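Below is one structure, written out as structure tokens, with a few remarks after it.
Numbering (UniProt numbering), first residue to last: 1 to 338.
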């Protein structure tokens, strides 16, 4: 299924408004001005969370202090949204806005991402992050099976979660999901060491990341982009550790072993991909579908890169809401007796 993207970058209006509110007219900024811009950037995120019906919460589980967004009403069907590498819970805000009216939405910052804090010796491997995510879900009293969605690396985590906790997973939504694919053609899939080139570690790296991640990178006011870049540079050590774990996993796993995980998943699955994804090429989408027991024909969005949840949020919503409604209408699965 091919769909043409007609929607502009979701943060354009809010970022531009933030810039105008700052009223900065020079490139050279004092320390006070830089702090004000960073504060304005954080205010933009806070306002967008509120607009989406989300509240920021924290929860300490073991040695992890989780930061997460929560919206909707307790007792409604649970939707857990998982962001990708070097991302944050705010990547999902625009999609979440369409969900909070009818679902209980929870979006965690993954360990060492956003505002979630972990010990220095934390194990950033996908299996450990997935297990810690499950402990978070339990501690947050998110009882009953949840709809789980994951973007990019978050897609790998969502798949492992669904495979390990089948009776706690009502459905699965995979967006440009990371994996070990036979049909991989991009440099980042063929040689995961190339992911190091996408780490934002110095000035100018954010622009390169945008060029790789999006088909048509939008205009972002310079001062706001600088604030975003500064935040990501501050997380470079944690991001590097996560990339190292991805590289290590790709040395251990093969397309065949990845296929075993995919085949173990029972949950109804929606797969969505950006046709112009430069990081995880769109050709892997039908391969992923062929491996899974209960996956629909992948939805392919034209003129969209690796970030559909930011580049084409409304098209994502147009696919996800009917899928969720259909799953909710089905008779729930029964867990085996202990």
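Ideal placement from N, C-alpha and C gives every residue a C-beta, glycine not left out. Values in this document were obtained by computation on a predicted structure and should not be read as measured data.
Item                                                                                                                             : Value
Simplified DSSP state of residue 100, which is helix, strand or coil                                                             : coil
For residue 301, the three-state DSSP class (helix, strand or coil)                                                              : strand
Where residue 42 falls, given that 16 or more other Cβ within 10 Å makes a residue buried                                        : exposed
Span separating the alpha-carbon of residue 165 from that of residue 158                                                         : 10 Å
Proximity winner among 62, 148, 178, relative to residue 170 (alpha-carbon distances)                                            : 148
Cα-Cα separation, residue 210 to residue 204                                                                                     : 10 Å
Beta carbon of residue 106 nearer than 8 Å to that of residue 70                                                                 : yes
Counted within 10 angstroms of its Cβ, other Cβ atoms place residue 144 as buried (16 or more) or exposed                        : exposed
Opposing strand residues paired with residue 146 [DSSP bridges]                                                                  : 169
Contact check, residue 177 vs residue 163, beta carbons under 8 Å                                                                : no
Residues that DSSP places opposite residue 66 in a beta bridge                                                                   : 59
Close Cβ partners of residue 96 (< 8 Å) along its chain, the five nearest in sequence each way excluded                          : 52, 53, 54, 69, 71, 81, 105, 107
Per DSSP, the bridge partner or partners of residue 108                                                                          : 68
Boundaries (first-last residue) of the beta strand (DSSP E) holding residue 85                                                   : Here residue 85 belongs to no beta strand (DSSP E), and DSSP marks it neither H nor E.
Beta-carbon contacts of residue 28 that lie in its chain and below 7 Å, excluding the five residues immediately before and after : The predicted position of residue 28 is uncertain, since its pLDDT is 38 and thus under 50; a value taken from the coordinates is nonetheless stated next. Excluding residues within five positions, none has a Cβ falling inside 7 Å.
Local conformation of residue 295 per DSSP, three classes                                                                        : strand
For residue 74, three-class secondary structure by DSSP                                                                          : strand
Which of helix, strand or coil DSSP assigns to residue 180                                                                       : coil
Per DSSP, the bridge partner or partners of residue 117                                                                          : 65
Counted within 10 angstroms of its Cβ, other Cβ atoms place residue 132 as buried (16 or more) or exposed                        : buried
Contact check, residue 151 vs residue 197, beta carbons under 8 Å                                                                : no
DSSP state of residue 155 mapped onto helix, strand, coil                                                                        : helix
Delimiting residues of the alpha helix (DSSP H) encompassing residue 272                                                         : Element bounds for residue 272: not the alpha helix (DSSP H) but the beta strand (DSSP E), 269-274.
Counted within 10 angstroms of its Cβ, other Cβ atoms place residue 135 as buried (16 or more) or exposed                        : exposed
Own chain residues within Cβ distance below 6 Å of residue 214, not counting five before or after                                : 305, 307, 311
Residue 262 versus residue 232: straight-line alpha-carbon distance, rounded                                                     : 32 Å
Distance, residue 115 Cα to residue 88 Cα                                                                                        : 8 Å
Cβ neighbour criterion (16 or more within 10 Å) applied to residue 275                                                           : buried
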